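Beneath this line is the structure, given in structure tokens, with notes to follow.
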Amino acid sequence: MTTRVPDTSEKWGSAVNTVVIGATAEQGGTRTSTITIGGAATLPFLSFEDSIGHRPAIAGEVWDSGADTWPETLKAYGDTMASPGAWAKKAVEFGAQLICLRLAGAHPDSGDRSAEQCAAAVKEVLSAVGVPLIIWGCGVDEKDNDILPAVSAAAKGENCLIGTAREKNYRTLVAVCLADRHKLIAESPLDINIAKQVNILCSDAGFPLKDIVIYPTTSALGYGLEYVYSIQERGRLAGLRGDKLLAQPVICDVGFEAWRVKEAKGPTFDSVTDENRLRWGPMWEAATATVLLQAGAELLIMRHPDAIREVTKALDRFTTTTKA
Amino acid sequence: MYVIGERINGMFENVKRAIQRKDAKVIQDLAKQQLTAGATALDVNVGPAAADAEGAMLWLAEAIRGVTDAPLSIDTAKWDVMCAVVSKIPGAKILNSSKADPEIARQYVALAVEYGAALIGLTIDSGGVPGNAEKRVELGAQFITIAMEGGLAMDKLFIDPIILPVNVAPQNPAHCMQAIAQLRLFADPAPHLLIGLSNVSQRCSNRSLINRAYLAMAMAQGMDGAIMDPLDEELMNTAITADLLNGKIIYCDSYLEAARHV
């Protein structure tokens, strides 16, 4: 006699939006490849339940200037860090499928670089590499509203992903992304209610919900990662249940957050004699990324080549389709 | 909240006239307005005046299908009319409705399964509308069993405990809420639990307020569907807010707008 195990797989009825980043020559851009993210119809990697959508992608983080503040362990990029184009090339060699250009040098406290300088950095990266581009402002509302229009125009037609739109500052970025046909990152401060609200604000301002990627805020392993996980998971559950305002793919700022913590960036602590001390950083970054993939991240911004390699290998395993 | 718009009903003068004059635009406008306002499905009832109930039902359905594929709730108490029209109306359908007497319920369940339709099952039998919650639960449970035996999935079954006007049956709204709370536990997943909301306030003053208050109260007990007026904006706001307070939707400052966002 056999007993049938009941089918306990979940049926959601909705799916994460699909977003394409980058445009090839035929599509009006100059990219040699594009990246498609999203599309999952179930929770991350549960391929026995339904479509797990497109494979999450890894973007290599590049700064327009100011890389001298990066910890020693991250100097695998060597001299290239002096120029965003050369740095981007190196990141692609290390396995990045996109480049995330962070305009850190535009911050009023760390360079206050002009809109023209930022636009030049964007053009430099676009001509140096063929992968799609994510462009991230400096995070200061007034300055972002000054530089992002110029940056967007410099990349017109390239179908970049530009951020970030926030609850109190979204109109300028929405307008320029619409005009220059870019995708948009909508940011919220670890708050699912605000994540939803920013999306509806951008939508009311005319931006299509299907072209938004959300940044619900990231933090590193040991520094609130479980809270980030639960916020991302709640958003994903709502999206899969049909909430169109939470059905957007998620981007995570992994490298930036992981390398802020003392365990990652070291110097060697006096009390720590672990000869692998220098490996802690890449491990911290890879662990943070892997956890966030399980929470539903579609796009990871990363730094250390070893971390990128490990997470790429993990993704190979996660995305191997298994039929129950 | 599964809202079935009630406005395409021959009891309303404008619909009655549209049926008589074959004025499809009136019907199509009502269909679009109700869907825009948040209805998921549209009830279609030719009303008592139509001489040719079958012909009028098919004409209404055809007019509506000219503007939407939304599910149509075919609202007729006549088995022969239901049988005659169900095969001729394209798209998603809800058969509205069947009584709970086993021989009647089995027929409707079979018809629903044959056409992939959903079904509204009333907790009423040859004995009439029950005067208490217990009999409603008994008839509802009986309907659930018949639906399961007949192969009708629970997400396609709506149990309707029959709401009566509060001015003539003051204990009835409480009975219905008790029945809803109990019936939702009879199957996992549970069937939908639905009422014809506007009936609670027939011939009362403050109709809209009574409808609104009762909607929220019944939703708190687990009611997840209603045949109601989606063009009553405050009523729809109440439905959305009750979904919010039941944990069915996620809050944001613009949650009312978000819930209407398609």
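Chains A and B, in that order, are what the protein sequence lines are. Quick note, in my numbering, the first sequence goes up one by one and the last residue is 324. Quick note, in my numbering, the second sequence goes up one by one and the last residue is 1262. Where a beta carbon is used, it is the ideal one built from N, C-alpha and C, also for glycine. Note that the coordinates shown come from a computational prediction; the quantities given were computed from them, not determined experimentally.
Under the Cβ distance rule, Ile200(A) counts among the residues neighbouring chain B, one pair being separated by less than 8 Å.
When only Cα atoms are considered, Leu1139(B) and Asp1125(B) end up about 8 Å apart. Contact note: Asn276(A) does not reach chain B at a C-beta cutoff of 8 Å; the least C-beta distance is about 42 Å. The beta-carbon of Ala238(A) is placed less than 8 Å from the nearest beta-carbon of chain B. Rounded to whole angstroms, the separation of the alpha carbons of Pro71(A) and Pro108(A) is 22 Å. Judged by DSSP secondary structure, Ser127(A) falls outside any beta strand (DSSP E) and instead within the alpha helix (DSSP H) spanning Ala115 to Ala128. For the set Asn1211(B), Ala1213(B), Val1085(B) and Gly1222(B), the Cα lying nearest the Cα of Thr1076(B) is the one of Val1085(B). For His1175(B), the enclosing alpha helix (DSSP H) stretches over residues Asn1172 to Leu1183. Contact check for Ile134(A) against Cys100(A) passes: the beta carbons are separated by less than 8 Å.
Looking from the CA of Ile1195(B), the closest CA among Gln1202(B), Ile1162(B), Ser1208(B) and Ala1092(B) belongs to Ile1162(B).
The C-beta of Asn169(A) comes no closer than 8 Å to any C-beta of chain B. With a contact defined as Cβ atoms closer than 8 Å, Ser1073(B) and Ile1004(B) qualify at about 5 Å.
Cys1204(B) is not a Cβ neighbour of Ile200(A), given a cutoff of 8 Å.
Ala1117(B) and Met1057(B) have their C-alpha atoms roughly 17 Å apart. Under the DSSP assignment, Ala57(A) falls in the beta strand (DSSP E) whose first and last residues are Ala57 to Trp63. Taking 8 Å as the cut-off, the Cβ atoms of Lys75(A) and Ala106(A) do not count as close. In the DSSP assignment, Thr1036(B) is bridged to no other residue. The C-beta of Lys210(A) has fewer than 16 other C-beta atoms within 10 Å across all chains shown, which makes the residue exposed.
Residue contact check for Ala1242(B) against chain A: no CB pair falls below 8 Å.
A straight-line Cα-Cα distance of about 39 Å links Leu184(A) and Lys1156(B).
When DSSP assignments are scanned along the region 37-105 of chain A, the uninterrupted stretches of beta strand (DSSP E) that are 3 or more residues long and fall wholly within it turn out to be 57-63 and 98-102.
Between Gly1225(B) and His1192(B), the CB-CB gap stays under 8 Å.
Under the 8 Å criterion on CB atoms, Glu1103(B) is classed as non-interfacial with respect to chain A. By the Cβ-count criterion, Val5(A) is exposed, with fewer than 16 other Cβ atoms from all chains shown falling within 10 Å of its own Cβ. Closest in alpha carbon position to Glu1062(B), among Thr1241(B), Ser1087(B), Glu1114(B) and Ala1153(B), is Ser1087(B).
Taking 8 Å as the CB threshold, Lys262(A) stays off the interface with chain B.
Excluding residues up to 5 positions away in sequence, Gln1142 and Ile1146 lie with their Cβ nearer than 8 Å to the Cβ of Pro1102(B) in the same chain.
Annotation: the continuous alpha helix (DSSP H) that includes Glu1013(B) extends over Glu1013 to Arg1021.
Contacts with chain A at 8 Å (Cβ-Cβ) include Asp1253(B). Straight-line measurement puts the Cα of Ala1112(B) at about 10 Å from the Cα of Met1082(B). Separation of the CB atoms of Ser1254(B) and Gln197(A) is rounded to 6 Å, and the pair is thereby assigned contact status at 8 Å. Taking a cut-off of 8 Å for Cβ pairs, the region 230-250 of chain A and the region 36-48 of chain A touch, as three or more such pairs fall below it.
A direct Cα-to-Cα measurement between Ala1050(B) and Ile1019(B) gives close to 8 Å. Proximity of chain B to Asn17(A) at the Cβ level (cut-off 8 Å) is not reached, the minimal Cβ distance being about 14 Å. Close CB contacts of Val254(A) within its chain, under the 7 Å cut and outside five residues either way in sequence, are with Thr218, Glu285, Thr288, Ala289, Leu292, Leu300, Ile301 and Met302 (chain order). Residue pairing from DSSP places Ala297(A) in a beta bridge opposite Val250(A).
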